[in-house]
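Below: one structure, written as structure tokens.
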RNA sequence: GGUGGGAUGGCAGAGUGGUUGAAUGCACCGGUCUUGAAAACCGGCAUAGGUUAAUAGCCUAUCUAGGGUUCGAAUCCCUAUCCCACCGCCA
């Protein structure tokens with residue numbers, strides 16, 4: 006949520022910055038509702054003040070036993086009139102305030118000035134590339150064939166059990182998948198100073214509002230068939246960011262790393278990435294999350310992005326860092342770096358991590374504040390998060406980049422300790 | 001699933017209809033004292049919104065949340081959520 010005070014006082018600036026994000030903000034509608042709100046609020050509050058003063062006066066009269074009973078009865082009658090007037094004024098105010106809140110809750114975060122212009126991913130800017138793109142002496146297979154070859158990946162049976170966009174892994178492939186998440190967690194905890202945290206995979210609607218997934222993006226979510234407003238998490242960002250919802254915290258920064266499955270309905274992506282494990286309804290992700298003081302959030306974004314990149318360094322997977330342009334930025338983000346890993350079978354880079362600074366946008370929705378020292382006014386914090394990394398896609402990248410001529414897969418050095426010393430996943434004679 | 005008991009400011013904990021936004025203690029901040037510190041003493045210390053140049057005043061709201069009763073609600077009534085205890089069931 007944007008700061009309504011800033012929207013009011015810098016309306017033109019806000020409109021043009023939202024334009025960069027390719028969002029048309031209806032400033033006239035905003036102004037008309039806000040002006041109505043102002044008038045109604047002044048009216049409602051003065052009615053309320055009147056009522057309060059009147060009641061206080063009755064109280065003191067009764068206390069001093071200065072009045073006749075009948076007199077008090079008359080006073081009460083008039084009190085009822087005041088009460089009605091106050092209630093009516095309040096009702097009108099509430100309607101208008103709700104309208105204003107609804108309007109504002111669907112407005113995206115303002116992009117940072119460093120964000121490149123552009124309407125879609127074609128305007129994203131590559132900032133750097135790392136690693137050597139492998140030169141295969143044979144035609145590289147894709148991860149679906151490789152996975153089938155080593156007898157560890159089964160898409161068809163997953164479709165039977167559940168439906169499309171699910172996968173089954175077994176044997177050494179399942180082991181590698183687990184090893185990847187263990188490796189990521191351990192690295193972020195021991196090398197980068199994150200605290201490991203385990204959270205619910207089901208969240209309520211308020212948490213999703215806090216991160217900005219609701220009210221606008223309900224279609225992307227799996228909702229439980231329950232009287233309560235429960236949803237499967239689309240990312241650990243939702244439960245972890247909401248840790249301190251409605252709280253005032255006093256020690257910053259806080260850094261968490263969290264491994265969870267993620268559930269996305271992928272509505273609107275029919276026909277895209279239908280083959281294999283690239284786009285699933287369920288996937289594992291190791292998420293990095295920082296809660297920081299406002300002045301430190303830009304440094305924190307660089308740090309966190311670097312933390313995610315170090316996983317790719319250690320796995321020796323070629324990747325590049327992309328700055329998303331205004332039109333490609335997520336709803337809550339002020340700036341986002343995507344990390345894209347090289348996939349030989351597609352001869353291109355594919356997203357494996359997305360690291361964003363949300364500035365105070367989520368904090369305002371969640372009412373998460375901090376107090377630097379006792380006595381100071383609480384201030385909204387900034388939130389930063391990013392994948393470190395998407396486990397399923399990392400597995401895909403390892404399979405494809407480490408494949409051998411015969412279809413076997415070398416195990417990256419750093420994973421071997423997590424895989425009982427295994428150095429190579431061999432072809433399976435029996436298939437799956 | 002059943003039966004009871006709870007939810008008050010950063011924490012602990014008073015408060016059952018009338019100047020209570022809320023006693024008291026702890027924590028915290030400022031001061032006095034001290035060579036310095038501690039102790040003691042004095043003072044301050046909730047959040048949000050509105051108005052405003054103002055993080056000054058003033059007004060409004062908030063004692064888990066949402067409704068209700070009343071001229072007036074932390075206090076009475078209803079509902080929800082969460083926590084605790086015991087019973088039942090269970091990985």
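Numbering (our numbering), first residue to last: 6 to 437. Where is the CB? At the ideal position from N, CA and C, for every residue including glycine.
| Check | Outcome |
| --- | --- |
| Counted within 10 angstroms of its Cβ, other Cβ atoms place residue 172 as buried (16 or more) or exposed | buried |
| Nearest-angstrom beta carbon gap, residue 400 and residue 181 [assumed within contact, 8 Å] | 6 Å |
| Best match in 110, 369, 48, 393 for proximity to residue 96 [C-alpha to C-alpha] | 48 |
| Complete alpha helix (DSSP H) runs within the region 237–281 (minimum length 4 residues, chain order) | 242–246 |
| 8 Å contact criterion, which residue 367 and residue 392 should meet: CB distance rounded | Their Cβ separation, rounded to whole angstroms, is 17 Å, which puts residue 367 and residue 392 out of contact at 8 Å. |
| Reference residue 262; option with closest CA among 188, 255, 218, 236 | 188 |
| Close Cβ partners of residue 209 (< 8 Å) along its chain, the five nearest in sequence each way excluded | 233, 234, 235, 236 |
| Reference residue 37; option with closest CA among 66, 178, 104, 425 | 104 |
| Beta bridge counterpart(s) of residue 360 as assigned by DSSP | 342, 391 |
| Residue 150, enclosing alpha helix (DSSP H) - first and last residue | 148–154 |
| Closer than 7 Å: residue 110 CB and nearest the ligand NAD heavy atom | Absent from the structure shown: the ligand NAD. Ligands present: none. |
| For residue 353, three-class secondary structure by DSSP | strand |
| Rounded separation between residue 31 and residue 63 - CA only | 48 Å |
| Proximity winner among 178, 147, 127, relative to residue 428 (alpha-carbon distances) | 178 |
| Residue 266 to residue 183 span [Cα, whole Å] | 12 Å |
| Which of helix, strand or coil DSSP assigns to residue 111 | coil |
| C-beta contact flag for residue 322 and residue 136 at 8 Å | yes |
| Any alpha helix (DSSP H) of 4 or more consecutive residues that is wholly inside the region 390–432 | 396–406 |
| Cut-off 7 Å between Cβ atoms - residues of its own chain near residue 253, not counting five sequence neighbours on either side | 374, 375, 376, 383 |
| Buried or exposed (CB count within 10 angstroms, at least 16 for buried), residue 220 | exposed |
| In DSSP terms, what residue 290 is bridged to | 265, 395 |
| Through-space distance from residue 93 to residue 100, alpha-carbon basis | 11 Å |
| Given 8 Å, three or more beta-carbon pairs between the region 347–358 and the region 143–158 | yes |
| Residue 165 in three-state terms, based on DSSP | helix |
| Residue 420, buried or exposed, once every other Cβ within 10 Å from all chains shown has been counted against 16 | buried |
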